[in-house]
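These notes concern the structure reproduced below.
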Amino acid sequence: MTVILVSSDNQDFKVDKEVAERSILIKNMLEDVGESDSPIPLPNVTAAVLTKVIEYCEHHRNDPVQVPEETDDPRKRSNDIEEWDMKFMQVDHEIILAANYLDIKPLLDVGCKTVANIIKGKTPEEIRKAFNIVNDFTPEEEAQIKKENEWAEDR
Amino acid sequence: MADSFKDTKGKDTKGKDTKGKDTKDAKDIKKSLSDMPAEVLIQIGLALPCRDFGRFLQTNRSIHSCLDSHYVWHQRFTTRFGQAILKDKLNPPLSNNDPSKLTPSSAHPSPRFPSSSSQIFHSSSNNNSNNNSANTSPTLQQQQQFDDQVDPVSAAPSPLPSPASSPRMTPSTAPLMPSDSSSDDGNGGEGSSSSRAKRPPKVKPRRIDLRKTNMVSKEMLIDMYKQLSRMTLPAEDMMIAHMGNQFWRMITSTESKYGKLAELASVWWMDVVAVFVGVPPGRYKVQWRLKVTSDAPVVNTEFRAVLFDKHEDQSTAVEKKSALTFRPMSKQEFVAQTDSPGNRVNKKPFRNLFKGFTILELPGELHVEVDYQNVFLQIRNHDDWKSGLYIDYVRLVNLDDPEQSQESLSNGLHGKRVAAGNEPVDDEGEEYYPSSSSSSSSGPLPWFKQVLGINPDAGIDTQHRFRSRATRQFHPVNPSDLLDVEKGESSAEKSESSAEKSQLSAEKGESPSTARNKSNELEEHRKPVERPDAWYRLLTFLFIYCLYICFWK
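Just so you know, the sequences run in chain order A and E. Read in the numbering used here, the first sequence has 206 at position 142, and its numbers run on one by one without any break. Read in the numbering used here, the second sequence has 1367 at position 131, and its numbers run on one by one without any break.
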């Protein structure tokens, strides 16, 4: 069974229901809509991003659905990302936003871990530069926060 | 991906917006990590190791406000150390009169920035395109559920969408429960301050309830995290059997940056245990900082490391198979694993091999796989009396961390070994090894050497052989006198001496004087064997002397 997803720029995407239901948001919408074939609008996701999200869901369509309560899963805690996922994430941070909106936890995890891997090993200034973060601390506040978190340097 | 966060005005972005240039500019301006929804930032923060998390907090006000919350610290804590450690703190005792078990390290929580919270909520509310308040993400739902369950007072309805900072921002208008008032700290919760203004100040220390999501409980969590995440454990925090009486004692010392050392006076059952919890995955080297004045506490002592999981009890680690084990059977073997150059191990008194404290690095690497694990380190020797050991600390050196890996003896300190001390030896109670060159020049009977396994010249620099103090102290015995007795075995020993002659002649840098002395020595029949301990040698020497007296007198 196929469902039709409509992006914010009015582009239609036909995907299998099984693939679409990787998104909890879409799954809940489908349950609410029932057997109707009406397209599902996604006003917060552009066509380009939706294409990539669908590509991800297609690739991982056979992965077991992660239960949110399984917080002790070591695989979740490790920062090992599949090679395919790593290449996939070299695209756009909007995928993370889309994954958050569509509630696709595995994709969100991969995205967040990718960002975390980029942050690793960088000083605060380098992190700001890499992610276009504005330093809105005063020098005194910055010095104080640095002192508060000094202990973490060797942990 | 980092590039996508930069200004992309000149690029043909993938997210083409047909609504006009203004929207596109707004989108470009928004492409900053700090503009991400709170739940996304929290996920990123939880995926970061401790050091990088600390650095990430320093980047921006909104990121700091979002991530430096009770919820995030609690998640980080339980991920790394497990929930079991918090069990006692989350189930406080029934009586309210119990003295507090833990108080925050600082009397007052560090000042926060009240304006930052309003900023983050403005930014997150503007980012509604991705954060539909009607359909909150599981992370936010969990956080709100957590807050509601543990602190119903502080979970009062807030006009602000993100509950990430709700414990701090939400004014508590509901009257405080009596149990809360006795257990809550005076600084806990901005909302409680107005209702508590008229209360008389309490004298006895307050018990901190980790179920509350207020500033004080958060500070307590952070303090506990700091304590448990240490990669260096001082002697004070180790479990040493027989500590506190005449066997082991803690002494204050300026030689340690922690100010205290564990001093071994004398003990039979030596058992020192250090436990690291929540060690991140990676490869580690185990280093002990010790001061040894005698080889007894280290030779034939087992230094071991065992890995066990968060849910396993520490007592099971004692019997588990060691991930790393090191049991030096000789002084050389011990010294080889330290930062001492190890010259003249058998010539110098043991303590002179080290310049004060030494770093003992266990051979091999400790591999922590996949998930956080606990590391159980032990020094144990349950045989014979031993004394002369000081323990400063033990630490784990992360070989995967470029900043730390240089600390390993196999990496950074290799080649920079600390020169041994040359201070005069106080022989009272210290082990002293008389030079074997005296016995070599005096020519102990070869069959004694063969039977008892004495190698007078093992490990001795040939250039300094005859300059040792022992040479000056002992009168050399004429080898020819002894050789008369050995005539029956000379044929076998001649072959050995020829082998040794070729070996000695192959050594470079020998002076003519030493060459002459060497030629004298080559007349003796020696067989290089391993050197026994001091008291064996002393007995041997006495026995030889008695024989000498018997035969020649």
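We treat Cβ as the ideally placed atom computed from N, Cα and C, and that holds for glycine. Fair warning: this is a prediction, and the values are worked out from it, not measured in the lab.
Burial state of residue i, where buried means 16 or more other Cβ atoms lie within 10 Å
| i | result |
| --- | --- |
| lysine 1454 of chain E | buried |
| leucine 1293 of chain E | buried |
| isoleucine 118 of chain A | buried |
| asparagine 164 of chain A | buried |
| leucine 166 of chain A | buried |
| histidine 1618 of chain E | exposed |
| valine 97 of chain A | exposed |
| isoleucine 1696 of chain E | In this prediction, isoleucine 1696 of chain E has a pLDDT of 48, which is less than 50 and means its spatial position is unreliable; what the coordinates show is noted afterwards. The residue is buried, with at least 16 neighbouring Cβ atoms inside 10 Å. |
| glutamine 1463 of chain E | exposed |
| alanine 1553 of chain E | buried |
| serine 1270 of chain E | buried |
| threonine 1406 of chain E | Because the pLDDT at threonine 1406 of chain E is just 38, under 50, the model does not fix this residue reliably, and the value given afterwards should be weighed accordingly. Counting Cβ neighbours within 10 Å, threonine 1406 of chain E comes out buried, since at least 16 surround it. |
| methionine 1451 of chain E | buried |
| alanine 1501 of chain E | exposed |
| lysine 177 of chain A | buried |
| glutamate 214 of chain A | exposed |
| alanine 112 of chain A | buried |
Within 9 Å, strictly: CB atoms of residue i and residue j
| i | j | result |
| --- | --- | --- |
| asparagine 1634 of chain E | serine 1623 of chain E | no |
| lysine 1493 of chain E | glycine 1514 of chain E | no |
| phenylalanine 1177 of chain E | aspartate 1531 of chain E | The displayed coordinates of chain E run from 1237 to 1789. Any statement about residue 1177 of chain E would go beyond what the structure contains. |
| glutamine 1573 of chain E | phenylalanine 1590 of chain E | no |
| isoleucine 191 of chain A | leucine 172 of chain A | no |
| lysine 1527 of chain E | leucine 1497 of chain E | yes |
| isoleucine 1476 of chain E | tryptophan 1524 of chain E | no |
| isoleucine 197 of chain A | isoleucine 1299 of chain E | yes |
| serine 87 of chain A | cysteine 121 of chain A | yes |
| glutamate 1499 of chain E | arginine 1485 of chain E | yes |
| arginine 1291 of chain E | serine 1465 of chain E | no |
| glutamate 99 of chain A | lysine 91 of chain A | no |
| histidine 157 of chain A | glycine 185 of chain A | no |
DSSP beta-bridge partners of residue i
| i | result |
| --- | --- |
| alanine 1541 of chain E | E:Leu1560, E:Leu1613 |
| asparagine 1634 of chain E | E:Tyr1520 |
| arginine 1525 of chain E | E:Ile1595, E:Tyr1629 |
| lysine 210 of chain A | For lysine 210 of chain A, which the question treats as bridged, DSSP gives no partner whatsoever. |
| phenylalanine 77 of chain A | A:Leu69 |
| lysine 1622 of chain E | E:Val1503 |
| isoleucine 104 of chain A | A:Leu69 |
| methionine 1475 of chain E | E:Val1509 |
| threonine 1468 of chain E | E:Arg1631 |
| threonine 1574 of chain E | E:Leu1596 |
Among the options, nearest to residue i - alpha-carbon criterion
| i | options | result |
| --- | --- | --- |
| aspartate 76 of chain A | A:Glu204, A:Tyr165, A:Thr115, A:Val174 | A:Thr115 |
| methionine 1474 of chain E | E:Val1611, E:Val1535, E:Ile1595 | E:Val1611 |
| isoleucine 1321 of chain E | E:Leu1446, E:Asn1536, E:Asn1296, E:His1300 | E:Leu1446 |
| leucine 1303 of chain E | E:Met1272, E:Phe1570, E:Phe1317, E:Lys1323 | E:Met1272 |
| methionine 1456 of chain E | E:His1310, E:Val1503, E:Met1565 | E:His1310 |
| serine 1537 of chain E | E:Glu1555, E:Phe1570, E:Val1511, E:Gln1550 | Going by the sequence as given, residue 1537 of chain E is threonine instead of serine. Comparing Cα positions, the closest option is E:Phe1570. |
| glutamine 1614 of chain E | E:Val1452, E:Glu1605, E:Val1534 | E:Val1534 |
| glutamate 1597 of chain E | E:Ser1566, E:Phe1544, E:Lys1521 | E:Lys1521 |
| threonine 1468 of chain E | E:Glu1643, E:Leu1778, E:Cys1786, E:Leu1632 | E:Leu1632 |
| valine 1509 of chain E | E:Asp1288, E:Ile1627, E:Leu1282 | E:Ile1627 |
| methionine 1565 of chain E | E:Phe1313, E:Asp1769, E:Ser1268 | E:Asp1769 |
| lysine 169 of chain A | A:Asp73, A:Ala207, A:Leu69, A:Leu89 | A:Leu89 |
| alanine 1541 of chain E | E:Thr1529, E:Arg1312, E:Glu1555, E:Glu1548 | E:Glu1555 |
| glutamate 1491 of chain E | E:Glu1605, E:Pro1470, E:Ile1278 | E:Pro1470 |
| valine 1308 of chain E | E:Ile1280, E:Thr1295, E:Asn1296 | E:Ile1280 |
| valine 1276 of chain E | A:Asp200, A:Met93, A:Ile104, A:Ala162 | A:Ala162 |
First through last residue of the beta strand (DSSP E) which encompasses residue i
| i | result |
| --- | --- |
| histidine 1603 of chain E | 1602 to 1604 |
| methionine 1506 of chain E | 1506 to 1515 |
| alanine 1498 of chain E | 1496 to 1500 |
| threonine 1488 of chain E | 1484 to 1488 |
| leucine 1783 of chain E | From DSSP, leucine 1783 of chain E is part of no beta strand (DSSP E) but of the alpha helix (DSSP H) over 1770 to 1788. |
| leucine 1589 of chain E | Segment: none, leucine 1589 of chain E is in no beta strand (DSSP E) and carries neither H nor E. |
Enclosing alpha helix (DSSP H) for residue i [first to last residue]
| i | result |
| --- | --- |
| proline 1273 of chain E | Note, proline 1273 of chain E: premise wrong, no alpha helix (DSSP H); not H, not E. |
| leucine 89 of chain A | 88 to 97 |
| leucine 1303 of chain E | 1297 to 1303 |
| proline 170 of chain A | 169 to 183 |
| phenylalanine 1289 of chain E | 1286 to 1293 |
| threonine 202 of chain A | Run containing threonine 202 of chain A: none; DSSP gives neither H nor E here. |
| tryptophan 1309 of chain E | 1306 to 1317 |
| arginine 192 of chain A | 188 to 195 |
| threonine 115 of chain A | 111 to 123 |
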